[in-house]
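In this text, residue positions in the sequence shown follow full-length UniProt numbering: the first is 1, and each later residue adds one.
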Amino acid sequence: MTPFHYTFCLLSLVTIPNFAHAQELSLPQLGGENALIDSFNTRSDSASRIISGYSSIDYLELGKYDSIVVEYFEPSENPFSDGQNQAAAASLGVTATQITPNSFELQISSQPIAASEFGVAAPELFQKRAAALAKILDADETVEDWFPNYKVNTQDVTDPLYPQQWHYFPHSEILENGKFPGGTDLSLLWEYSSGNEDVVVAVLDTGFLYDHEDATNVLPGYDFVSDIAAANDGDGWDNDAQDPGDACGPLASNSWHGSHVAGTIGALAHNGVGAVGINKNVSIIPVRVLGKCGGDFNDIMTAVLWSADLLDAQTLLELGLPRVPKKANVINMSLGGPGRCTQAWARNFQRVAANGTLVVVAAGNDARDARDFVPASCPGVIVVAASDMSGSLVSRYSNYGPLVSIMAPGGDIEADFDGNGFPDGVLSMVANDYAFSNGTSMAAPHVSGLAAHIFALDPNISPADVANLMINFGKERTSEQCPKNCGPLLNAGFLLPK
Ligand SMILES: [Ca+2]
Ligand SMILES: [Ca+2]
Ligand SMILES: [Ca+2]
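Here it is in structure tokens:
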């Protein structure tokens, strides 16, 4: 152990502490960009088979939708190939909106039109009309494909706070119903990927609230806070990563930061209570490294190596540590402080990456260049700046700079871009409750959460490839949206069927 002691300064409760960035160029390039894109195009093709080529009435029973999308072989200005079909569709209450030169969205009304339809319940009428429309489309040789426009929306997710979790919602250029310029398409991904409990995310943070109603699947963690005064649990290192609170001073409150971060990655979804996380299935290892007023970098570095299963048997024995229950695929570090990455830390992070673990680091909340912060300035990690509901850098707090790899929703509790009366923070778990928070700490777990989905889809992918996929397929930002070098905006769309 070196004598160096580093205290990470956490921000106030609402502006939850910490950060993330990544040095894109410093990530080992293990595959070329083309190889990466190829591998995921293949995956997208197979996923698209889930929804394409059905052209069968049976297909109409699979989920909720209020329209059908039809794709024609040739560009067309009319939604139907001939007048007869057009008239038949009109009699079904169908209206069309052109989406691309080759495709239309066909809205099916549930309003009665013919006398025989009066008194028929709307859902039944809708089903009948959808089936009749399906027959028309199946018989039309100019139609290449059609599919119900299934909705993944608040009606499908029963967790009552989900409608406030705009940061998972579909991305669009402008604010429109259920879509946000700062959205990430993560909610769309859930139709095709629910994650996998075999994927492990170590959350190096303030610990975890195991008895929270939305607590996800956790593996045994560890408490690496060695300073007994800061630890707040009466001892130093121990095998209980429960969060005992981290209030720094008599006037401060506990942040429950680690649970907020872990909740973004994997709060229980579809359980009818609270909020949802990015992965329905994932395993979290709570690794406690931050206590009252912060943490010690030696503890944190040991926790990084432990989580990545890089401590040998002898070292584990000397330190009195159990072996990590399972090597983490992702280490989330929503933490940091001013400083530069030392050579020793740099070597450790490079070892972690080479051993198959992706490290996601918050860029920091000081509205400064992330190069002056650790671990954001370390090589081999992906560094995350914070975006708001409009898809722009939150310049009032987010760090920035060339070391930042990507931007993800960190939210802005001082804004109400959509005018819904709720602050535009990231909503996740705190003790016995949920809270909107903002910070690059909230941004980093969005990246970790998407990375966990990618590891679930391809367990053998390298951390560098995961990072490069997310960076290469992020939404490009204009100089207005990203005035200070903040990378693209995280987006899950590349994993969706084309
Ligand atoms: Ca302890
Ligand atoms: Ca829930
Ligand atoms: Ca709002």
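We treat Cβ as the ideally placed atom computed from N, Cα and C, and that holds for glycine.
### Query
Would you say Leu204 and Ile331 are within 8 Å of each other, going by their C-beta atoms?
yes
### Query
Taking the Cβ atom as the reference point for each residue, do Thr440 and Asn491 lie within a distance shorter than 8 Å?
no
### Query
Under the rule that 16 or more other beta-carbon atoms within 10 Å means buried, what is Val273, buried or exposed?
exposed
### Query
Should Val225 be counted as a contact of ligand 1 given a C-beta to heavy atom distance under 7 Å?
The answer is yes for Val225.
### Task
State buried or exposed for Thr478, treating a residue as buried only when at least 16 other CB atoms are found within 10 Å of its CB.
exposed
### Query
Got a list of residues with beta-carbon closer than 7 Å to any non-hydrogen atom of ligand 2, in chain order?
Asp159, Asp214, Ala267, Leu268, Ala269, Asn271, Val273, Gly274, Ala275, Val276
### Task
Would you tell me roughly how many angstroms separate the C-alpha atoms of Glu414 and Leu106, rounded to the nearest one?
Distance between the alpha carbons of Glu414 and Leu106: 40 Å.
### Query
Among Asn468, Phe422, Asn281, which has the Cα closest to the Cα of Val360?
Asn468
### Task
Put Asp198 into one of helix, strand or coil per three-state DSSP.
strand
### Task
Measure the C-alpha to C-alpha separation of Leu186 and Pro445 and round it to an integer number of angstroms.
13 Å
#### Entry: Assigned exposure category for Asp235 - 16 Cβ within 10 Å defines buried
exposed
### Task
Determine the direct distance from the alpha carbon of Ala131 to that of Ala88, and round the result to whole angstroms.
13 Å
### Continuous beta strand (DSSP E) stretch holding residue 499: start and end
It is not possible to answer for residue 499, since the shown part of the chain is limited to 1 through 498.
#### Entry: Cα-Cα separation between Val426 and Thr357, rounded to whole angstroms
26 Å
### Beta-carbon contacts of Ala202 that lie in its chain and below 6 Å, excluding the five residues immediately before and after
Ile285, Val287, Ser307, Ala328, Ile331
### Query
When burial is assigned at 16 or more other CB atoms within 10 Å of the CB, is Glu61 buried or exposed?
With a pLDDT of 48 at Glu61, under the threshold of 50, the modelled position of this residue cannot be trusted, and the question is left open.
### Task
Give the single residue among Val261, Leu403, Phe147, Asn196 whose Cα lies nearest to the Cα of Ser103.
Phe147
### Message
What does the alpha-carbon distance come out to for the pair Ser193 and Pro170?
### Response
Cα to Cα, Ser193 sits roughly 15 Å from Pro170.
#### Entry: Supposed close pair Ser392, Gln481 - CB separation, criterion 8 Å
Contact flag correct, Cβ pair sits at about 4 Å.
#### Entry: Ile285 (DSSP reduced to helix, strand or coil)
Note: Ile285 maps to strand in three-state DSSP.
### Query
If Ala303 and Val282 are in contact, beta carbons under 8 Å, what's the gap, nearest whole angstrom?
Going by Cβ atoms, the distance from Ala303 to Val282 rounds to 19 Å, so no, they are not a contact pair.
### Query
Would DSSP call Ile331 helix, strand or coil?
The answer is strand: DSSP assigns Ile331 an E or B state.
### Message
Could you tell me the alpha carbon to alpha carbon distance between Leu268 and Ala262, rounded to whole angstroms?
### Response
11 Å
### Task
Could you check the C-alpha separation between Asp233 and Asp433 for me, to the nearest Å?
Rounded to the nearest angstrom, the two C-alpha atoms are 22 Å apart.
### Message
Is the beta carbon of Leu450 closer than 8 Å to that of Met470?
### Response
yes
### Message
Measuring only from the beta carbon, is Ala229 closer than 7 Å to any heavy atom that is part of ligand 1?
### Response
no
### Task
Consider the C-beta atom of Trp237 and the heavy atoms of ligand 1; say whether any pair is separated by less than 7 Å.
yes
### Query
Between Asp233 and ligand 1, is the CB less than 7 Å from at least one heavy atom?
yes
### Query
When the Cα atoms are used, what is the spatial distance from Phe373 to Phe436?
25 Å
### Query
Any idea if Arg129 is buried or exposed, counting beta-carbon neighbours within 10 angstroms, 16 or more meaning buried?
buried
#### Entry: Residues whose Cβ lies closer than 5 Å to any heavy atom of ligand 3, in chain order
Asp416, Asp418, Asn420, Phe422, Asp424
#### Entry: Sequence-distant residues of its chain with Cβ nearer than 6 Å to Cys378 (five each side left out)
Cys341, Trp345, Ala346, Phe349
### Message
According to DSSP, simplified to helix, strand and coil, what is Trp146?
### Response
strand
### Query
Is the Cβ-Cβ distance between Asn472 and Gly401 less than 8 Å?
no
### Task
Rounded to whole angstroms, what's the CA-CA distance from Asp424 to Ser390? Just pull it up for me.
10 Å
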